[in-house]
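Numbers given in this note's numbering equal positions in the sequence shown, counted from 1, plus 5.
Let me begin by presenting the structure, written as structure tokens, before commenting on it.
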Amino acid sequence: MPTRDLSIAMVGSGGDGIVTMGDMVAQAAAKDGLNVIKVEAYGPQIRGGESSCVVRLSPDPIFAQGDDLDVIAIFNWADFGRFKGELAPKKDVVILFEAADPNPSSPADLGLDERARFIPVPFAKLATELAGTKAAKNILSLSVLAELFNLPHGSIRKAVEYKFGKKKAELLAVNLRAFDGGAEFARSLNVDVSDKKLTYEATEPKLLMAGNEACAVGALHAGCKFFAGYPITPSSEVLHFLSEWLPRVGGSVVQTEDELSAYGAVIGASFAGVKSMTSTSGPGLSLMTEMLGLSSMAEIPSVIWNVQRGGPSTGLPTKSEQADLWQAVFGSHGDAPRVVLAPGDVEDCFHTTVEAFNIAEEFQLPVIVLSDQAVAQRRETVPLDHLKHEVVDRIKPADDPNEKYLRYKDTPDGVSPMSVPGMRHTVYQTNGLEHNEHGDPASMHLTHEKMSKKRFRKMGPLAEKYNFFRHYGPKQADVGILCWGSSKGPVEEVVRAAAARGEKVSAFVPQMIHPFPEKQLKAYLATIKELLIVEISFQGQFYRYLRSFMDLPEEHLHLFKRSGGKNLAIAEVEEEVRKVFEKMRTREEVMA
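Below you can see the structure in the form of structure tokens.
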């Protein structure tokens, strides 16, 4: 029987065009109306090293990257070995491998059974014969995959034409020869892979975006007109995207010498009345901490797009982790209010970025959007009509010569009107020193206490207005899953699978991480019997953070935590849910 859910992995070395292969498959599938999630992984080397790409395709809704792989195309077995523990083949997987690089492992070594199929393909030899260069093996392999597994062959060929159409005519011609020759070779193979053929009917094209691209589009939608940043993996695509598009809408982009100066430029531009942002990752946010305190103290709106990667220090620059939570929530000297949001998928990256600007402008404080590599660099289909979001602007004072302007007026909600340079009758002094309501430096304890209360007073109305979260599953459940960020997709799939089995499993996924929707979580806890917390953090930062401000049902709590380096798998969450149900049954038997 053909399948309606196909996960394909491609593995090779840097320079083999692995990511290009994945992009072309994903783009073609989206053009034919399929749902797509594409993730990639590669070594930290500047050039060379191992590279992999996984594309999951289905005409049905999907919410996470491919878990167990149906098909793997391998250019080099040594490179495949470097992804041990990250790429998990199904027991009946179909593996296409370079014929000149024989498999050094047996099916048993790979955890496969007798249904697994190994297909040697002379990728390099065929590419050289057809195109005159082995560099075309990635294009050739695309057509082999398309022919064998019913991928959108015509749309992939058009993607090849588009990629090489603007280059020399001969370059396009040789790649098309490689593509057509690969399809002919696939048709000559005497192998039954009918169970791995994707079945679907083409529908209206879907928009395919990466999380970093969705963030940049969200910034443009929110009215951002200034971006300053320093390139850092895995967030650099935001800088790249906005450097092309911001000037087209009258904005400016500055690539600074480091992250500290980037955030300083953002605060300066925002002080001047322009919506501004920066992007970074963990090491960069470490450098930005001092300026984050300035944004908080001077009450100047600012937005930071922070893409988590494995740490500490340089850590795992190209792989995901959820271990910057404490840094985002608590990182600062002194008491510095800020907001932390967390997108769970590519579409979320758009909405949380717009919401970050709304919160920053309305409440005049720094907002960190805490994404991670698993979401920021993955490509996913998004309904175009979903990219809409209300935009909020900051409150400005009236130009009234008869009223004394107090920039930091102690208001009931803590928010004071913020002028911009050039407005008459609204001159004030601002800096990082503690100050009175007018802005004059003041070091008295009473002033510091008063202004600290004012700055933190914003958090109450802010939390009431922006306490957004997602709930999946039944209103009453036996097992409730609490997670955040990129863990959302695998958890949602587990909840859906449990419902299909008749099990009552639900999930609570906050997008507002700080201030946390505590009241809403307490209401959710009353609807479940057992709580499972899932996170990709060795220390369990999310769990410990929750315990810092609320009681958890410890006698009915189960914690799954591990370090990053590989994305959360659906099977991992499934296994934890199974363990919780087993503990529940054991407890019930003992009580009986």
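Here a beta-carbon is modelled for each residue, glycine too, at the ideal position from N, C-alpha and C.
query: From the DSSP output, in three-state form, read off Trp489 for me.; result: coil
query: Compare the C-alpha of Glu209 against each of Leu62, Gly256, Phe335 and Asp37 and name the closest.; result: Asp37
query: Compute the Euclidean distance between the alpha carbons of Glu2 and His158, then round it to the nearest angstrom.; result: The question about residue 2 has no answer, for the chain in this structure spans 6 to 597.
query: Where does Pro446 land, buried or exposed, given buried means 16+ other C-beta within 10 angstroms?; result: exposed
query: Cutting at 6 Å between CB atoms, please list the residues of its own chain near Ala219, excluding the five before and the five after it.; result: Val351, Cys354 and Phe355
query: Leaving out five residues on either side along the sequence, give the residues of the same chain with a beta carbon under 7 Å from the beta carbon of Gly278.; result: Val425
query: Give the secondary structure of Met517 by DSSP, where H, G and I count as helix, E and B as strand, and everything else as coil.; result: strand
query: Contact between the stretch 543 to 558 and the stretch 588 to 597: three or more CB pairs below 8 Å?; result: no
query: Tell me the residue span of the alpha helix (DSSP H) that contains Glu295.; result: Gly287 to Met302
query: Which of the three DSSP states is assigned to Gly17 in this structure?; result: strand
query: Going by DSSP in three states, Ile309 sits in which element: helix, strand or coil?; result: strand
query: May I have the straight-line CA-CA distance separating Lys566 from Asn407, to the nearest angstrom?; result: 60 Å
query: So Gln332 and Leu290 are supposed to be a Cβ contact under 8 Å. How far apart are they, rounded?; result: 6 Å
query: With 16 as the cutoff for other CB atoms within 10 Å, does Val432 come out buried or exposed?; result: exposed
query: According to DSSP, is Glu45 part of a helix, a strand, or is it coil?; result: strand
query: Check whether the Cβ atoms of Val76 and Ile161 sit closer than 8 Å, and answer yes or no.; result: no
query: Phe513: which of Val539, Phe246 and Thr133 sits nearest, CA to CA?; result: Val539
query: Going by Cα to Cα distance, which pick from Lys480, Thr386, Lys571 and Glu360 is closest to Phe631?; result: Because the chain in this structure spans residues 6 to 597, residue 631 falls outside the shown range and cannot be described.
query: With C-beta atoms as the reference, is Val344 less than 8 Å away from Glu367?; result: no
query: To the nearest angstrom, how far is the alpha carbon of Asp405 from that of His430?; result: 7 Å
query: So, helix, strand or coil for Cys354, using DSSP?; result: helix
query: Can you tell me the Cα-Cα spacing of Gly20 and Gly478, whole angstroms?; result: 44 Å
query: With H, G and I counted as helix, E and B as strand and the rest as coil, what does DSSP make of Glu385?; result: strand
query: Do the stretch 441 to 456 and the stretch 409 to 428 make contact, defined as three or more Cβ pairs closer than 8 Å?; result: yes
query: From this set, Pro495, Gly228, Leu153 and Leu251, which residue's C-alpha is nearest Ala191's C-alpha?; result: Leu153
query: Just mark Thr319 as buried or exposed, buried being the case when its beta carbon has 16 or more other beta carbons within 10 Å.; result: exposed
query: Might you give, ordered along the chain, the residues of its own chain that have their beta carbon closer than 7 Å to the beta carbon of Asp272, omitting 5 neighbours on each side?; result: Note that residue 272 is Ile in the sequence shown here, rather than Asp. If we look at Ile272 and ignore the five residues flanking it on each side, its Cβ neighbours are Met296, Leu299, Ser300, Ile305 and Ser307.
query: Looking at Leu203: is its Cβ nearer than 8 Å to the Cβ of Leu11?; result: yes
query: Taking one C-beta from the stretch 239 to 257 and one from the stretch 373 to 383 each time, how about it: are there three or more such pairs within less than 8 Å?; result: yes
query: Mind the definition here: the stretch 17 to 33 touches the stretch 223 to 231 only if three or more C-beta pairs lie below 8 Å; say whether that holds.; result: no
query: Would you give the residue range spanned by the alpha helix (DSSP H) that Val578 belongs to?; result: Ile575 to Met596
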